[in-house]
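Line by line, the protein sequences are chains A and B. Residues 244 to 528 (this note's numbering) make up the first sequence, in order. Residues 5 to 241 (this note's numbering) make up the second sequence, in order.
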Amino acid sequence: MTFTVSQGTVTGFLGPNGSGKTTTLRALLGLVAPNSGEALLFGRPYRELDHPARRVGAVLGNASHPGRTARDHLRACGIPLGVNRRRVEDVLATVGLEAAAERPTGGFSLGMRGRLALATALLGDPELLVLDEPNGGLDPEGIGWLRSFLRDWAARGRTALLSSHVLAEVAQTVDNVVIISEGRVVLDADVRELGHQHGRGHVEVHTPEAARLATLLAAEGLAVTAAGGDGLTLPAGTAARVGQVAARHGIALVELHTHGPDLEEVYFSLTRPLAGAAATGGYGP
Amino acid sequence: MATHQAGVGVLVRTELFKVASSRWQATGLLAVVVLHVPLMLWSGQQAPAFWEGLRSRSGLFVAYAVMAFGVLVVAQEYRHRTAALSFLAVPGRARVTAAQFVTVAGTGLAMCSALFLAWLAVGVARYGGTGMHLDRPGQVVGAYAVVAVTVCAAGMIGVGLGTILRGSTGALLALGGCAAVEPLTDLTRFHGPATAPLGVLAWPTSELEISSLAGALCWGVLALVGALIAVRRDISS
């Protein structure tokens, strides 16, 4: 499995539960040994990086001694990195935990623990952030905060790799997506092109005279399907013709618009290779 | 190879900071020392018995406390998943383990040294320098060496078992189980991992002395070797 994470971008690392995301990230960070082959980061095994914490910061879930305060947790993590107290205060401010710095982490909410884990990863001022399911347990405000943090991070030329099993959750955060399934990379693409290349999208039209319009559109050679009630669904790129046909026959439209490709649909089609293969097999030569 | 990773010295400082900054550990260790004070004030014995008991008084309780401390220092890192953070900062895990051995053994050494000096001072105040064999310094130094070595060995056994089992419950049960079974047969008496320090500390005149001291040391070294191998295992959660 090889994929590239370009500098100054946020890359989403996606796959269903059990597809090997966490194991891959932990292998890259030298925490688990791969059964075969080797895991390289910046072209080297993690343990051979010069000053690994300066290059990579990792958020691997919430880890802190409940009896230690947030500030002491960061100081303890900072000693081996040769980090001074000012840096500890800096990262506390970056994640907005100054007010809670003197509280034992055992009493922290999930959102605060998430922020503390991020602060810990930032201690060494790394160029690459690796985040494993960072949205787990965060409320919508926390997810929004993390999104703007990561966008800002990339805007400053830094790089991030974050894993998730929900594409929609990270679609607005990431520039690129790497999708894995059963331990293999099935897609490595720009998230904006993802939909255009792999998804179709569709046109939706609503009118009180749905049945009449459907007949007229079918006569034009368009693939029309009823979408329940007064709605019809057509393939992407047909909106203009739908409008012309309706105008020509004096049919009033309530709504006519093009839906972008459904990312989840793309995601499912890629991560269910067995189901996909069976379907294609049925229509094959 | 990595050139900028923290050395064992820095990691020992890290471990000491962790002990000092967690709520109960430093208090607990201090309590172990302070609990000896009432005994020092109230114990009444003849001079020979007081000298005989010097090793067990300054080392026995501390040895077991340090053994449990060693287990907890490592086990809590796995329990609260901070072990992964340590190994991210210092991918050479052997250094982290070495630092934990040094920290726990050093803490035990400081505790038993203070107690040995205190008990010796109490004895001298009560029975005079001769009563505490100050005229035969070789014996005093010998007694101190036995206390220091066994307490350090006990700490090493604790850290080793904690690293191998990665949990405090299993490690403490294993040590408790050993302590219960070991004295039953003559073969293992005072030679098992839990009772080797006890044998040489508690029975100063016993013929088991040398073999028991050797046992304590061997278990300590075995724990270190086992831990250096075991720490390399995957951290998968």
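Where is the CB? At the ideal position from N, CA and C, for every residue including glycine. As the structure is a computational prediction, the values presented were derived from the model and not from experiment.
Contact annotation: Gly63 of chain B and Phe120 of chain B have beta-carbon atoms nearer than 9 Å. At a cut-off of 9 Å between C-beta atoms, Leu177 of chain B does not count as an interface residue with respect to chain A.
Contact fails between the stretch 106-122 of chain B and the stretch 174-184 of chain B, because fewer than three Cβ pairs, one in each stretch, are under 8 Å apart. In the DSSP annotation of this structure, the continuous segment of the beta strand (DSSP E) that includes Arg427 of chain A starts and ends at Arg427 to Asp433. Note on the stretch 50-126 of chain B: whole alpha helix (DSSP H) runs with a minimum of 4 residues are 51-56, 58-83 and 86-93, in chain order.
Within the model, the alpha-carbon separation for Ala403 of chain A versus Leu205 of chain B is close to 56 Å. Beyond the five residues adjoining it in sequence on each side, Leu272 of chain A comes within less than 6 Å, by CB distance, of Tyr289 and Ala301 in the same chain, given in chain order. Shortest Cα-Cα distance from Leu292 of chain A to any of B:Ala93, B:Tyr148, B:Thr189 and B:Gly135 involves B:Ala93. Under the Cβ criterion (8 Å, minimum of three pairs), the stretch 75-85 of chain B does not count as touching the stretch 127-137 of chain B. In the DSSP assignment, Leu499 of chain A forms a beta bridge with A:Val448.
The beta carbons of Leu365 of chain A and Leu372 of chain A sit closer together than 9 Å. By the Cβ neighbour-count rule, Met244 of chain A is exposed, with fewer than 16 other Cβ atoms within 10 Å of its own.
With a contact defined as Cβ atoms closer than 8 Å, Gly74 of chain B and Val108 of chain B qualify at about 4 Å.
Not a single C-beta of chain B is nearer than 9 Å to the C-beta of Thr402 of chain A. One alpha carbon belongs to Val446 of chain A, the other to Ala411 of chain A, and they sit about 21 Å apart. In the DSSP assignment, the residues bridged to Ala469 of chain A are A:Leu475. DSSP places Ala403 of chain A in the strand class (E or B) of the three-state scheme.
DSSP places Leu359 of chain A in the uninterrupted alpha helix (DSSP H) bounded by Leu353 to Leu365.
Beyond the five residues adjoining it in sequence on each side, Gln415 of chain A comes within less than 8 Å, by CB distance, of Arg390 in the same chain, given in chain order. For Phe256 of chain A, DSSP records a beta bridge to A:Ser406 and A:Val421.
The DSSP-derived three-state label of Gly480 of chain A is coil. Taking each of B:Leu188, B:Met115, B:Ala98 and B:Trp207 in turn and checking the Cα distance to Val12 of chain B, the smallest one comes out for B:Ala98. In this structure, Ala67 of chain B keeps its C-beta atom at 9 Å or more from the C-beta atom of Gly127 of chain B. Using a Cβ-Cβ cut-off of 9 Å, Val299 of chain A counts as an interface residue toward chain B, since at least one Cβ of chain B sits closer than that to its own. The Cβ-Cβ distance between Ala198 of chain B and Ala183 of chain B falls below 9 Å.
At a cut-off of 9 Å, the C-beta of His408 of chain A has no neighbouring C-beta in chain B. Any Cβ of chain A closer than 9 Å to the Cβ of Leu15 of chain B would place that residue at the interface, and such an atom is present.
Checking the DSSP bridge columns, you'll see Arg287 of chain A partnered with A:Leu284. In this structure, the straight-line span from the alpha carbon of Ile422 of chain A to that of His500 of chain A is close to 29 Å. Using a Cβ distance threshold of 9 Å, Gly310 of chain A and Ser26 of chain B count as a contacting pair. Shown here is that no member of the stretch 148-172 of chain B has a Cβ falling below 7 Å from a Cβ of chain A. Assignment of Thr154 of chain B by DSSP, reduced to helix, strand and coil, places it in the helix class. The residues Thr107, in chain order, have a CB closer than 7 Å to that of Leu20 of chain B in the same chain once the five nearest residues on each side in sequence are set aside. For Val302 of chain A, the pairing in a beta bridge is given by DSSP as A:Leu374. Closest option to Gly230 of chain B, judged by alpha-carbon separation, among B:Val41, B:Gly162, B:Val38 and B:Pro141: B:Gly162. The three-state reading of DSSP puts Thr514 of chain A in helix, counting H, G and I together.
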